[in-house]
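Comments concern the structure below.
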Amino acid sequence: MIAKITLCVSLFIQSPIELDRATTYNAEINQCDSDPLTTADGSRIDLDKLANGELRWCALSRDLIWDEERQKLHDYDTTIFRGFFSFGDTLVVESISSPQINGKWVVRDCMGKRYKRSIDFLFDAKNNKPKLGLCTDVKIINK
Numbered sequence: 006m007i008a009k010i011t012l013c014v015s016l017f018i019q020s021p022i023e024l025d026r027a028t029t030y031n032a033e034i035n036q037c038d039s040d041p042l043t044t045a046d047g048s049r050i051d052l053d054k055l056a057n058g059e060l061r062w063c064a065l066s067r068d069l070i071w072d073e074e075r076q077k078l079h080d081y082d083t084t085i086f087r088g089f090f091s092f093g094d095t096l097v098v099e100s101i102s103s104p105q106i107n108g109k110w111v112v113r114d115c116m117g118k119r120y121k122r123s124i125d126f127l128f129d130a131k132n133n134k135p136k137l138g139l140c141t142d143v144k145i146i147n148k
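Numbering (my numbering), first residue to last: 6 to 148.
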């Protein structure tokens, strides 16, 4: 039984995963929490590297992230933190309408609980051009 589950997960991850939405966020208190420079996995955001485009970090909705410690905190809800991606995974993202998000991104953060099948890209507030807005044609093409 375990072999079948592993095989199904592997097949799913190899095919494109279409997401419902993609947006951008900035490391600011009004968009994060009281410590906007620390991500959900404990990484620290270097604002100089972010401004220079050296950091390509993203947040996934909680249904896409696998995290056993957070599962224990949310054992009443079997839909969150039981996804296919872990913090630190590198994803390859593709969008026709928003080419600025195409390429490799590292999962370092998670989105608020109201979001499902979503990704949020960390951008420097001053260099977020062209602004993404809401993108609906985004997919993860491999890992």
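All C-beta atoms in this analysis are idealised placements derived from N, C-alpha and C, irrespective of residue type, glycine included.
Nearest neighbour of residue i, chosen from the options [CA to CA]
i: Ile146; options: Asp46, Asp80, Ser100 and Pro41; result: Ser100
i: Ile85; options: Lys118, Gln105, Ala56 and Cys63; result: Lys118
i: Pro104; options: His79, Val143 and Gln76; result: Val143
i: Tyr30; options: Thr141, Glu23, Pro41 and Leu24; result: Pro41
i: Leu137; options: Lys77, Asp82 and Arg26; result: Arg26
Residue i (DSSP reduced to helix, strand or coil)
i: Ile22; result: strand
i: Ile106; result: helix
i: Lys77; result: helix
i: Ala130; result: helix
i: Lys144; result: strand
i: Asp68; result: coil
i: Asp94; result: coil
i: Arg113; result: strand
Beta-carbon gap between residue i and residue j smaller than 7 Å
i: Ile106; j: Phe126; result: yes
i: Thr28; j: Leu96; result: no
i: Ser48; j: Arg113; result: yes
i: Cys37; j: Ile124; result: no
i: Gly88; j: Leu69; result: yes
Whole-angstrom C-beta distance between residue j and residue i, which should lie under 8 Å
i: Ala56; j: Lys131; result: 7 Å
i: Ser39; j: Tyr120; result: Incorrect: roughly 20 Å between the Cβ atoms, too far for contact.
(request) Taking only runs that begin and end inside the stretch 21-55, name each unbroken alpha helix (DSSP H) of 4 or more residues, in chain order. (result) Within the stretch 21-55, no complete alpha helix (DSSP H) run reaches 4 residues.
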